[in-house]
Amino acid sequence: MAALGWIRRAAVAVLVTGASMGIAAGMAASAAAAGVPGAGAGGAGTTAAGGVPEASATPTISATTKLSKRRFVAAGTRAYVVGVEDGSFPPIGWHTTGQMGGIWAPPVKALDGLWFQLGGSWLDNAKQFTSGPGLVRLSFPVTDGMRPTVTEFSPDGSPVVLIGLTLVPVNGTAQSVDLLAQAHSQVMAAYPWSSTTPTADQVENPDTASVVGHGVQFQQQQTSDYAEMGSNVTPSQVTTGSGDWGPTTSADQAVFGSKGAGGQLAWNLQVPAQGRTLWVGVSASQLGAGQALSPLRSGLARPLQLLAHKVSERDAVAGQSSFQVPDASVNQALLWSKLNLADLHRTVKDLQIRDVDAGTAYPAPIATVPSLSGIDAAYPDYAEFFGTDGAYSTYGLAVSGQWKTASQQLNAIRKVSRIVNGNTGKVVHEINSTGAMYYGDNSQPGDINETTQFAIAADLVWQWSGDPAVLKSNYAFIRDGEHYLASLDPSANDLWPAGDGIVEDSSLGQQAVDVASESIQALGTLHDMAVAMGDNATAQWAANRQSAMLAAFSQWWIPSQNLFADSLCDSASGGSCTHAGQQLQQRYWTSVAPMEQDVASADDANGALTTMEGSTFTGSCGLYVDGVGGPEGPGGQTCYLVNTGALAVAEANYGRMSQSTTDMDKVAGQLTVEMPGSLPELAQSSQYNPYEAFTSRANVMQAWSSYGLLWTTAHDILGVVPDAPAHSLTVVPDLPSSWPTASVQHLDVGSDQLAVQAGQGGGSITTEVSGAQGLALTIGAVIPSGSSVSAVTLNGQPAQYQTVSTHRGVEVLVTDPDSSGAPQSLAVETSS
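Count along the sequence shown from 1, then add 219; that gives the number in my numbering.
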């Protein structure tokens, strides 16, 4: 597209296995014996005896220590379960205190927990926890002569969680066992919360429990909110009561409160010598008993097929955009990042849209939306749609081919923003699964960064997918949003919109550096979209405003500190401001934004990044929220993975690849801290204990945490920059000096699927691209600083080339006229 668009180039013991034998094979063997799929490539082409999918083709990752202190999540698009890796269900979460764990079918919670008792012993002491693609598995010690494992998953598209208990006799002979499945309900809406007006407790009614058929039905009284529990093996007895808490302590019961109800299924189960699996299902709906009962029955009718299909779908995600890099930690995190994004894909039905004014009001709904889909920010406390989180997550969704999720997220945010904010184009901040819009209406000062980020996110999806619907659906909204931001300029001579960015702190000035930096990129996006839409007036307006902002961006630079201001003052009032035009530098992580958005000059960027790499801004956990000496004090030295990811992106934008991969390692190193295979919200540090109380912890799985891994690898290290709408592609890798190679297979760009491989060594740099059929390809490489080009060949023949100085360094570029998709191999020989 036009050059004015995106400014492109101007501490725990964990057992880890992949496709190896060991745990994967062990899971397959025990599963095959019991007649259930292992964590394998169900439907992927290989099966064991009896039609059971093999496990060996599928990634798994396990933990064996501190299981009683680690949370897990197993999720589908309509339901999920959050528990603890030893098999317990204590109070979890802080939004509604203690209530964010258990089993959910958003916008309704179903159960606080579900527990199995075998021969009088509760299964709450698992010795190994394993994450697989779309499922989790807990392995318990021998109990009552049985070797028990519990498999939990939620089939996509259905508001049900299915839990399979596999029992294999230790002595190899058939026997009968006494078995209980006990559940305690908490049928409640996902909003209000504990701290809102009204509170969750004020609106939640007590539950009733009834025996329905061979299962238990729970209802929140005087509502249409229902939860159902049943099994695929008819129980010998079904009972209800208030005391069905499994092994939950009385102290934990007090946190949950007294509004739930209990239910119990009992069996004298005949277990053959090869083992047996019993499935229990839990479903819920806010639309009545029928809407809850139907998916339960459907799920229990074919749990094996649903599990095999789920694993097969997730295996396909794992195989898409298959990166291979020589850093084992990053390589593993790249794989699981894609699976995390798939696990956070969400669909919610019948949302009642209401503006709850940051939790201070609860008015009548202003609209009903039959269905919204997108990506939840995180489990357990942020299982909601967010403007900022969704925008950052789009980077990973774009490069991993999960375009449908990204497009749905854009549609959800746009639709609710239009309902709440009319034609302003302002993006709302937070949409709860009930439809409660928590923050971000026209009367509130933030977070205006989300309006800029929406435009950038839409551009990413458009550029990678080439889907004209992305352009047509979002263009008018983006145009309105950029004009809205322009209206927030305090004066004709001041280009920077006034309003909160991603950091909401009263010490900051009225204008935020992240908003300013992202506005420049968003205007480039608007320009390109306007050109494509034939809106020449808007294209010219966006170009002029972007050029003016770029020319004035030096207003943010503080030479004495070698940093950009993190905010500016547009008046003497507010925050730490004493006069209009004042530059504030309070050590917030958003100081990285000019480099993250690639709008800083190379000299300023290198100076600022060197400063931010120092101990004031960065520690062993990554980039601090607020650096040493900032207004948040020592508590500011926590590290969100998205912050460190932003630093990795910024370093790579300016060719600082060694520093970038150091930051990527800090992000990847969190993959096994709590839930193996899940990137959390916060990094472990002296200021954040990932094993603190379950009711105060940060999220165990966070969508935006993949940003600095997936995007940096695809966009900077491998240098893939597509323009699918214009049928063009640029591939210019920049390998870290310590990496001899990096590659990706099955990378989708438009209708093409690419393979890219980069290599270096002995003064030679190679770039190989295949699959670019119908795309005008520019292939190249970034040469090391201080070197010169001695020879360039394409497919073994001398090639004409050009060199271009960019923020990354000197790029050697060859335009290839062959658009057949045939493999193209570039070799650049350099000398010092």
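Heads up, the beta-carbon is just placed ideally off N, CA and C, and yes, glycines get one too.
Look up residue i in the DSSP assignment and give the residues it is bridged to.
i    : result
Y598 : M920
L354 : G351
E851 : Answer by DSSP bridge pairing: none, since E851 is not bridged.
S281 : T349
R573 : A655
N487 : D397
F372 : L381
V431 : G434
M365 : T362 and P388
V892 : Paired residues: none, contrary to the question.
V501 : V380 and M448
W341 : Q336
Using the Cβ count rule (16 or more neighbours within 10 Å means buried), how would you classify residue i?
i     : result
E423  : buried
A232  : Its pLDDT being 29, under 50, A232 is placed unreliably by the model, and nothing is read from it.
T986  : buried
G259  : Any reading at G259 is ruled out, since the residue's pLDDT is 29, under 50, leaving its predicted position unreliable.
P582  : exposed
K691  : exposed
T265  : Here T265 scores only 32 on pLDDT, less than 50, and its place in the model should not be relied on; the value that follows carries that caveat. By the 10 Å Cβ count, T265 comes out exposed.
H798  : exposed
S970  : exposed
E723  : exposed
S404  : buried
P360  : exposed
K346  : exposed
Q1019 : exposed
V271  : Because the pLDDT at V271 is just 29, under 50, the model does not fix this residue reliably, and the value given afterwards should be weighed accordingly. Per the 10 Å Cβ criterion, buried.
T392  : exposed
A252  : Annotation note: pLDDT 35 at A252 (below 50); position unreliable, coordinate value reported separately. Label assigned to A252: buried.
N642  : exposed
G1015 : exposed
P1036 : exposed
A812  : buried
Q759  : exposed
Between which two residues does the alpha helix (DSSP H) carrying residue i extend?
i    : result
G538 : P522 to G538
A761 : N755 to A771
Q472 : S469 to F475
E870 : L860 to N872
G195 : Given a span of 220 to 1051 for the chain in the structure shown, any question on residue 195 remains unanswerable.
E987 : Not the alpha helix (DSSP H): E987 falls in the beta strand (DSSP E), residues S983 to S989.
R290 : It is not in any alpha helix (DSSP H) - R290 instead sits in the beta strand (DSSP E) that spans R290 to A294.
D884 : M876 to A887
A552 : A547 to D562
S612 : G606 to V618
Kindly indicate the opening and closing residues of the beta strand (DSSP E) around residue i.
i    : result
V689 : Unbroken run through V689 is the alpha helix (DSSP H), P687 to S706; no beta strand (DSSP E).
F335 : V327 to L337
H965 : T960 to V968
A324 : G321 to A324
T459 : Q456 to G460
F673 : Premise fails: F673 lies in the alpha helix (DSSP H), N668 to S684, not in any beta strand (DSSP E).
Y208 : In this structure the chain extends from 220 to 1051, so residue 208 is not present and cannot be described.
G999 : A995 to V1001
T949 : S947 to V950
V422 : Counting along the chain, V422 falls outside any beta strand (DSSP E), though it belongs to the alpha helix (DSSP H) covering A419 to V422.
Between residue i and residue j, which are expected to be in contact by the criterion C-beta below 8 Å, what is the C-beta distance as a whole number of angstroms?
i    : j     : result
G449 : L386  : Wrong, their Cβ atoms sit about 19 Å apart, outside the cutoff.
D953 : G852  : Not confirmed; about 38 Å, so no contact.
G982 : T1049 : 5 Å
N918 : D600  : 6 Å
V950 : V963  : Not confirmed; about 10 Å, so no contact.
I721 : T809  : 6 Å
G196 : Q524  : Residue 196 falls outside the range modelled here, since the chain spans only 220 to 1051, and no answer is possible.
Using 8 Å as the Cβ pair cut-off and three pairs as the minimum, do the stretch 956 to 963 and the stretch 892 to 912 touch?
no
Does the structure place the stretch 584 to 593 close enough to the stretch 914 to 932 that three or more beta carbon pairs sit under 8 Å?
no
Does the stretch 277 to 288 come close enough to the stretch 364 to 379 to have 3 or more Cβ pairs within less than 8 Å?
Under the three-pair Cβ rule at 8 Å, the stretch 277 to 288 does not count as touching the stretch 364 to 379.
At a cut of 8 Å, does the stretch 291 to 303 reach the stretch 553 to 573 through at least three beta carbon pairs?
yes
I'd like to know if the stretch 679 to 690 and the stretch 724 to 742 are in contact, where contact means that at least 3 CB-CB pairs between them fall below 8 Å.
no
Is the number of C-beta pairs between the stretch 314 to 328 and the stretch 459 to 479 that are closer than 8 Å three or more?
yes
Inspect the CB distances between the stretch 506 to 517 and the stretch 407 to 423 and report whether three or more fall short of 8 Å.
no
Counting pairs of Cβ atoms below 8 Å between the stretch 393 to 412 and the stretch 325 to 334, do you hit three or more?
Taking a contact to require three or more Cβ pairs closer than 8 Å, the stretch 393 to 412 and the stretch 325 to 334 qualify as touching.
Three or more C-beta pairs under 8 Å: does that hold for the stretch 406 to 413 against the stretch 524 to 533?
no
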